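Taking the working numbering, I'd label the letters of the sequence shown as residues -4 to 405.
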Amino acid sequence: MGSVRELSEKLWSGEASTADLHPFTTLLGLEEWSEGLAFVSSFANVVVLDTSEGLVLIDTGSFVTAQAVRSAVQGFSDRPVHTAVYTHGHVDHVMGIAAFETGGHRARVVAHEAVPARFDRYKLTAGYNGFVNARQFRMPGLTWPTDYRYPDETYARELELTVGGERLSLRHARGETDDHTWVWLPERRVLCTGDLFIWASPNCGNPQKVQRYPREWAEALRTMAALDAQTLFPGHGPPIEGAERVRQALTETAELLETLHDQTVARMNAGDPLDAVLAAVKAPDHLLARPYLRPVYDEPEFVVRNLWRLYGGWWDGNPAHLKPAREARLAAEVAALAGGAGKLAERAKALGDAGEHALACHLAEWAGRAAPDDGAVEAIRAEIYRRRARAETSLMARGVFETAAEEKPR
């Protein structure tokens, strides 16, 4: 048993945890799965088919790991890449193709028809994407790419490919993105999900990114579960082997999304504002306890907010938030009522000491905005956000709070 298979078994059995071995853990090793089929643990994962016409890649890895992925693949087969399939247009899945297109060789790249529009948007918002991803992944100075390898062939709903006798069925699904493709290898009973499965609570509510689609995501997972796949290759994290395990992982991920969706819509239909919806909607504890659904990247509260945005727009239902005062003006008024920014900061510290991290952050932020040049206030605010970050489970929340501890309010 190779290291990737061993990791999968340890995570499934509970011997290891995604709290320590995050789904984005990059082993950077190629493991041959069966004859002509290999799996590369990367950021993100890459699946390789060795055919008589050349290699087929399902995803290509990121610009950070491109050369390492290429070296691993060349150790498996020296054939050139014939076809590359993008499961979606996120840069950790598409940027590795450049490492394989050298010396004048050009592969055929296949993707959903919405991928080119994503690349166009990434060029338009490169500065913003660099900023938010540096914060999310704690990578200061990250430069967002602006040069993309656009697909040669796109499809709308379904596409059947055959390369060197290997059949690939491509299916579109809206989920983490609007341009997602999952791939089924029927003869091998292998399912490549892209980021529709990542060994974590679904990335369906990212607070800094564009719209996600929980309902359609769940439908796609149930469609995949019905295929009776023997092996699941995820976008992140190790593969899952065995039809029963694959089916369980897919159906329970769908169940989590469905319950969040249905509870949220029910509260919205009852006329509740967002604050009341957030208080009412709960993810089932038994699902979050699963080794492949722990909220180590995204988290259910963010999914609820994403659903509100999808169905209800940006206003949260609080009349004061429709056309609010500027943050600095509100902070100054609250500080004045409290007897000064220092008083606010001290109260925030006391709340933090008592474990009331969310409330402490509100007060600390007001204090910091009311007195941006007060070193003592700044120190208290920074410590409160550091404590908040340590108390969080999801990478997204930790990234925001850790960055807040290092920066003054904007």
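Ideal Cβ placement from N, Cα and C applies to all residues, glycine included. Keep in mind that this is a model prediction, so the values were computed, not measured.
Taking the alpha carbon of residue i as the reference point, which residue from the options has its own alpha carbon closest?
| i | options | result |
| --- | --- | --- |
| GLY24 | THR13, GLU30 and SER36 | SER36 |
| ALA244 | PRO135, ARG183 and ARG289 | ARG289 |
| ALA79 | VAL59, MET263, THR46 and PRO181 | THR46 |
| GLY31 | GLY70, ALA11, VAL59 and SER(-2) | GLY70 |
| ILE375 | ALA386, ASP142 and GLY363 | GLY363 |
| VAL89 | HIS175, GLU341, ALA340 and ARG166 | HIS175 |
| HIS83 | ARG393, TYR150 and ALA275 | TYR150 |
| GLY99 | VAL76, GLU108 and ASP270 | VAL76 |
| ASP73 | VAL51, ALA61, ALA93 and HIS85 | VAL51 |
| ALA221 | VAL299, ALA249, ALA331 and ASP142 | ALA249 |
| TRP361 | ALA326, ILE193, ARG382 and ARG113 | ALA326 |
| THR55 | GLN225, PHE126 and ALA93 | ALA93 |
| TRP212 | VAL105, ASP173 and GLU182 | ASP173 |
| ALA106 | THR97, ASP115, VAL205 and ARG166 | ARG166 |
| ASP409 | ARG116, TYR292, VAL298 and LEU251 | Because the chain spans -4 through 405 in this model, residue 409 falls outside it and cannot be assessed. |
| PRO181 | ARG152, GLU153 and GLN225 | GLN225 |
| CYS356 | THR246, ARG101, VAL395 and ASN313 | VAL395 |
| ASN128 | ALA392, PRO404, VAL298 and ARG405 | ALA392 |
| LEU302 | LEU119, LYS318, LEU16 and ALA261 | ALA261 |
| ASP223 | PRO404, GLU239 and TYR208 | GLU239 |
| LEU16 | GLY266, VAL59, LEU390 and GLU294 | LEU390 |
| SER29 | THR20, GLY(-3), PHE38 and ASP115 | GLY(-3) |
| TRP194 | ALA39, ARG101 and ARG130 | ALA39 |
Suppose you measure from the CA of residue i to the CA of residue j; what does that come to, to the nearest Å?
| i | j | result |
| --- | --- | --- |
| ASP369 | GLY347 | 20 Å |
| ALA359 | ALA340 | 5 Å |
| SER57 | ASN264 | 41 Å |
| VAL43 | GLU402 | 43 Å |
| VAL178 | SER3 | 21 Å |
| PHE132 | LEU191 | 20 Å |
| ARG304 | GLU171 | 15 Å |
| GLU296 | GLY200 | 8 Å |
| GLU155 | SER164 | 5 Å |
| PRO202 | GLU236 | 32 Å |
| THR398 | PRO18 | 22 Å |
| ALA345 | VAL372 | 13 Å |
| GLY122 | TRP139 | 7 Å |
| ALA278 | THR254 | 7 Å |
| ALA14 | THR388 | 8 Å |
| GLN258 | VAL276 | 6 Å |
| ALA323 | LEU282 | 41 Å |
| ARG382 | ARG183 | 48 Å |
| ALA271 | TYR117 | 35 Å |
| VAL104 | HIS85 | 15 Å |
| ALA320 | LEU269 | 20 Å |
| THR141 | PRO135 | 18 Å |
| ARG242 | PRO234 | 13 Å |
| GLY350 | ALA274 | 19 Å |
Taking DSSP as the reference, what is the three-state secondary structure of residue i?
| i | result |
| --- | --- |
| VAL272 | helix |
| PRO229 | strand |
| LEU332 | helix |
| GLU153 | strand |
| ASP45 | strand |
| SER29 | strand |
| SER36 | strand |
| TRP303 | helix |
| VAL178 | strand |
| HIS77 | strand |
| HIS167 | strand |
| GLU250 | helix |
| ARG289 | coil |
| GLY189 | strand |
| VAL205 | coil |
| VAL59 | coil |
| LEU52 | strand |
| GLU96 | coil |
| ARG184 | coil |
| GLU4 | helix |
| GLY70 | helix |
| GLU148 | strand |
| GLU294 | coil |
| GLU402 | coil |
For the ligand FMN, is there a heavy atom less than 7 Å away from the beta-carbon of residue i?
| i | result |
| --- | --- |
| TRP361 | Among the ligands in the structure shown, none appear at all, so the ligand FMN cannot be discussed. |
(message) Using a Cβ distance threshold of 8 Å, determine whether the segment 222 to 232 contacts the segment 173 to 193, with at least three qualifying pairs required.
(response) yes
(request) May I have a chain-ordered list of the alpha helix (DSSP H) segments no shorter than 4 residues that lie completely inside the segment 346 to 396? (result) 352 to 365 and 370 to 386
(message) Could you check whether the segment 38 to 56 touches the segment 151 to 169, counting it as contact only if at least three pairs of C-beta atoms, one from each stretch, sit closer than 8 Å?
(response) yes
(request) Mind the definition here: the segment 277 to 294 touches the segment 3 to 17 only if three or more C-beta pairs lie below 8 Å; say whether that holds. (result) yes
(request) Would you check if there are 3 or more beta carbon pairs closer than 8 Å linking the segment 50 to 65 to the segment 213 to 221? (result) no
(request) Determine, using beta-carbon pairs with one atom in the segment 303 to 313 and one in the segment 325 to 336, whether at least three such pairs fall under 8 Å. (result) no
(message) Extract the residue ranges of the alpha helix (DSSP H) inside the segment 100 to 130, only unbroken runs of 4 or more that lie entirely within it.
(response) 110 to 119
(request) Would you check if there are 3 or more beta carbon pairs closer than 8 Å linking the segment 100 to 111 to the segment 131 to 147? (result) yes
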